[in-house]
Structures are given as C-alpha cells and as structure tokens.
Amino acid sequence: MDKKIANLESAVQNESDNPKLYYRLATLYYEKGGLENVQKAVDLYRQSVALDENYAPAYAGLGVAYAIMYFNYSPDERHWLSMAHQESVKAVRLDPNLSEAHRALGLSYSGQNQLDRAIEAYKEAIRLDPDSARAHGSLGFAYFTKGMYDRAIAEYKEAIRLEPDDATFHNNLGLAYLNNNQIDAAISEYKKAIKIDYNLSVAHTNLGVAYEQKGMSDKAQAEFQEAMRLDMLEKQRQKGKR
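Take the sequence shown: its letters are residues 5 to 246, numbered as in the working numbering.
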C-alpha cells in the first residue's frame, strides 16, 4: 500500500492537472484507514473535483469519506452527513450508473436513520456492480441496524467471499452472529478479524463480549485489556504525529 501511494504521489507531481490521479491517490489513502488518512483522502478528492467539476467518481469518494468522518470519527458533528449527501447526490446526477455513487448516497441516508432509503440505494449499487464487496457490506450493516440479522449475515458473507482479507467484514459478521444468538460463530469471526488485523481493537472488545456471554470471564478480561492497550497505543501514535 505505502509503495503504491509513493508511486502515485510521484505521478501526481508530474501530472498535477490530472484529476484521475488525485482520485486514485485519495482512494488509496481512504482504503489505508485511520483519521489522518481519511482526512488526506478528503483533501485529494477535493483537488480532483476542483480540476474537473464533472468527475463523478471523485464526488462519490467525497461522499463516502464525509460519511465515514461522521460514523467513525465525529458522530457529534452532523454537518459531515449533509456534506456526504450533497456530494453523493452530485455523483449520482453526473453518473447514474456509478455503483459507488449510490453506495455513498446510502451511507448518507444511513446516518440520517433513513434505513429503507439506504437499503434501496445499496441495492442499486449492487445491481450496478454485483462484485462490490463494500456495497454488500454496507447493505449488511443497514440490515443489522434494522435487526434483520439473517439478511445481514448473508450480505456480510457475500462481502467476505469477494474480499476475504477484510478484517472489518469479519468483525461485522461476528456482530450479526452474536445478535442472532450464534455465539460460537461470532467468536470464530472475531478471531479471523484479529488474525487479519491484530490492531483492530473493536474486534478484541467484541470477542471479549462473546467470551463473557459464554461465561469465560478470564478470556473476556484479557481481550478487554488488549483492546484498551491497543487504543492507548493508537492515541499515543496520533499525539506523536502532531
């Protein structure tokens, strides 16, 4: 990932008027994850649309990134949702056949608790691109939020089939299993998530909850403590970058 980013940053310097290069670089930063990288992605998507105001993929990227800023980092700052909705609507208007534009729109609806509209947007994203793991994952989360755990499980399984090494998909499938009273299946998915990305602290927390429900208190406490340790390390890392 870092090598790809370095190569694209070099390409952007050589072709500073190419909106597609800014878009591709932004997407790499977004996929890398973490607040700092998502913020970098936002800046690059903005540069892309500044160069080409009709470039739908960059508007879709902005819509997704703004929504993730709300969901993952700033849940008290609802302006991210209005910005996500605005950019995703632009993307859909510019290219109605762009799957990621509809997923971005769905994320903005999800944040506003308009889950039925979100589900329709995600279904349209999947119709346009059946192999979009992220669209299946987003649809799974919408079903999960509505308490439709069997449907959530089916969508997360499809997302994992398409992207088996995505730790978040395994963690979310674990949540769906746990809420569906399939504790052993949940534990299995949390362990897979941790194997893929040991630093995913939420998977340790969720594994602890599952162990607790099985009466395995010692294992539960060990996972809770590890989650706290990882969160503390991440906070220290972020402070060190300022």
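All C-beta atoms in this analysis are idealised placements derived from N, C-alpha and C, irrespective of residue type, glycine included. Fair warning: this is a prediction, and the values are worked out from it, not measured in the lab.
Start and end residues, alpha helix (DSSP H) containing residue i
i: Q17; result: 6 to 18
i: Q90; result: 83 to 98
i: Q116; result: Where Q116 is concerned, there is no enclosing alpha helix (DSSP H), given that its DSSP letter is neither H nor E.
i: P61; result: 60 to 72
i: E167; result: Premise fails: E167 is in no alpha helix (DSSP H) and is neither H nor E.
i: L143; result: 137 to 149
Straight-line Cα distance separating residue j from residue i
i: A10; j: P61; result: 22 angstroms
i: I130; j: L143; result: 9 angstroms
i: Y147; j: I157; result: 9 angstroms
i: M232; j: Q90; result: 36 angstroms
i: F173; j: K36; result: 15 angstroms
i: R82; j: I72; result: 11 angstroms
i: H208; j: V96; result: 38 angstroms
i: K239; j: D222; result: 26 angstroms
i: G178; j: T149; result: 14 angstroms
i: M5; j: N41; result: 12 angstroms
i: E159; j: H140; result: 5 angstroms
i: E128; j: L234; result: 37 angstroms
i: L12; j: A54; result: 18 angstroms
i: L25; j: N117; result: 34 angstroms
i: D80; j: G115; result: 11 angstroms
i: N18; j: L29; result: 14 angstroms
i: P23; j: S52; result: 4 angstroms
i: D154; j: I187; result: 14 angstroms
i: D135; j: L32; result: 19 angstroms
i: A163; j: A197; result: 14 angstroms
Three-state secondary structure (DSSP) of residue i
i: L185; result: Checking the sequence shown, residue 185 turns out to be Asn, not Leu. Three-state DSSP puts N185 in coil, outside helix and strand.
i: L55; result: helix
i: Y202; result: coil
i: K36; result: helix
i: R233; result: helix
i: N101; result: coil
i: K218; result: coil
i: E227; result: helix
i: N210; result: helix
i: S192; result: helix
i: N22; result: coil
i: D80; result: coil
i: D154; result: helix
i: D47; result: helix
i: R246; result: Residue confidence for R246 is low, a pLDDT of 46 falling below 50, so the modelled location carries little weight; the figure read from the coordinates is stated next. Looking at R246 - three-state DSSP - the assignment turns out to be coil, as it is neither helix nor strand.
i: K239; result: helix
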